[in-house]
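S.K.: Handing you a structure now.
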Amino acid sequence: MEQFFAEYGIGSETFRIIILPLLIFIARILDVSINTIRIIFVMSGRKFVSTILGFFESLIWLLAIGQIFQHIDNVYSYIAYPAGFAMGILVGMLIEERLALGKVVVRIISSEDLSGLLSVLQKQNVRYTMVSAESDSGEEKLLFTVLMRDNLPLFIEEIQRHAPKAFYTIESVKSASEAGILAEQPSRRGIGAWLTSVRRK
Numbered sequence: 014m015e016q017f018f019a020e021y022g023i024g025s026e027t028f029r030i031i032i033l034p035l036l037i038f039i040a041r042i043l044d045v046s047i048n049t050i051r052i053i054f055v056m057s058g059r060k061f062v063s064t065i066l067g068f069f070e071s072l073i074w075l076l077a078i079g080q081i082f083q084h085i086d087n088v089y090s091y092i093a094y095p096a097g098f099a100m101g102i103l104v105g106m107l108i109e110e111r112l113a114l115g116k117v118v119v120r121i122i123s124s125e126d127l128s129g130l131l132s133v134l135q136k137q138n139v140r141y142t143m144v145s146a147e148s149d150s151g152e153e154k155l156l157f158t159v160l161m162r163d164n165l166p167l168f169i170e171e172i173q174r175h176a177p178k179a180f181y182t183i184e185s186v187k188s189a190s191e192a193g194i195l196a197e198q199p200s201r202r203g204i205g206a207w208l209t210s211v212r213r214k
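Our numbering puts the first residue of the sequence shown at 14, with every later residue one more than the last.
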């Protein structure tokens, strides 16, 4: 690799101090980001995608570690390697947040009137279950529903609007039957707009 860059006029010292550590840093960002996303796909049961991501993750890692062993006396590589690892975790988490993959189960516990939330769910034909419960504060309502994850931020806004004192928990769902979650599978734009349309009414 050093010879390749030398053909473009990059000296040995520049390669050792700047180019090689930078390449290792970028490679670690890529392979750790892929690893973070791969784990999410594994937990979601997506075998094929997880396998493909695992292949590229291992390939990039081998390229990075191979360069370190070829230049084992380069101290800058030892700084770039863990720095890329740390940055890769952050980048992977940011990508995962943007993708908003999978489904979540939302549990809402409240003594407030939840009819507004029920109306939101009913208008979009989203399946839910509500039961009466007892707590140290008296009678409460316990509402369960499963949503596509990219619907979650807007639904949380609806919870805060209709039941601001409600206690709620959110958990990832590994798998769920598609029947009854949504009557149809709208586009992302449609999904993003469905709660907005409810607010206007």
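Note that beta-carbon positions come from the ideal geometry of N, C-alpha and C, so glycine has one too. Predicted model only: the values in this text are computed from it and were never measured.
Just to confirm, are Phe54 and Ser63 a CB contact at a threshold of 8 Å?
M.R.: The answer is yes: Cβ separation under 8 Å.
S.K.: Could you tell me the distance, in whole angstroms, from the CA atom of Met100 to the CA atom of Ser90?
M.R.: Met100 and Ser90: Cα-Cα distance of roughly 15 Å.
S.K.: Measure the alpha-carbon distance for Ser145 versus Ile172 and round it to whole angstroms.
M.R.: In a straight line, the C-alpha of Ser145 is about 18 Å away from that of Ile172.
S.K.: Taking 6 Å as the limit between beta carbons, can you name the residues of its chain near Ser124, skipping five residues before and five after?
M.R.: The answer, listed in chain order, is Glu153.
S.K.: Can you tell me the Cα-Cα spacing of Arg201 and Gln135, whole angstroms?
M.R.: With a pLDDT of 45 at Arg201, under the threshold of 50, the predicted position of this residue should be treated as unreliable, though the coordinate-derived value follows. About 19 Å.
S.K.: Cβ atoms of Ala77 and Ile31: under 8 Å apart, would you say?
M.R.: Going by C-beta atoms, Ile31 is not nearer than 8 Å to Ala77.
S.K.: So what does DSSP say about Glu171, is it helix, strand or coil?
M.R.: Residue state, collapsed to three classes: helix.
S.K.: Output needed for Asp44: all residues of its chain with C-beta closer than 6 Å, excluding positions within five of it in sequence on either side, in chain order.
M.R.: Here the set comprises Glu70, Ile73 and Trp74.
S.K.: Buried or exposed for Asn48, going by 16 or more other Cβ atoms inside 10 Å?
M.R.: Per the 10 Å Cβ criterion, buried.
S.K.: When DSSP labels each residue in this structure, what does Ser132 get in the three-state scheme?
M.R.: In this structure, Ser132 counts as helix in the three-state DSSP scheme.
S.K.: In angstroms with no decimal places, state the Cα-to-Cα distance between Lys178 and Ile85.
M.R.: When rounded, the distance between both Cα atoms is 58 Å.
S.K.: Out of curiosity, what's the CA-to-CA distance linking Ser188 and Lys60?
M.R.: Approximately 13 Å, taken between the alpha carbons.
S.K.: Terminal residues of the continuous alpha helix (DSSP H) containing Leu103?
M.R.: Where Leu103 is concerned, the enclosing alpha helix (DSSP H) stretches over Val88 to Leu112.
S.K.: If we ignore side chains and look at the alpha-carbon of each, how far apart do Gln137 and Arg162 end up?
M.R.: If you take the alpha carbons of Gln137 and Arg162, they lie about 15 Å apart.
S.K.: Give me, in chain order, the residues of the same chain whose beta-carbon lies closer than 6 Å to that of Glu197; leave out the 5 immediate sequence neighbours on both sides.
M.R.: Its pLDDT being 46, under 50, Glu197 is placed unreliably by the model, and nothing is read from it.
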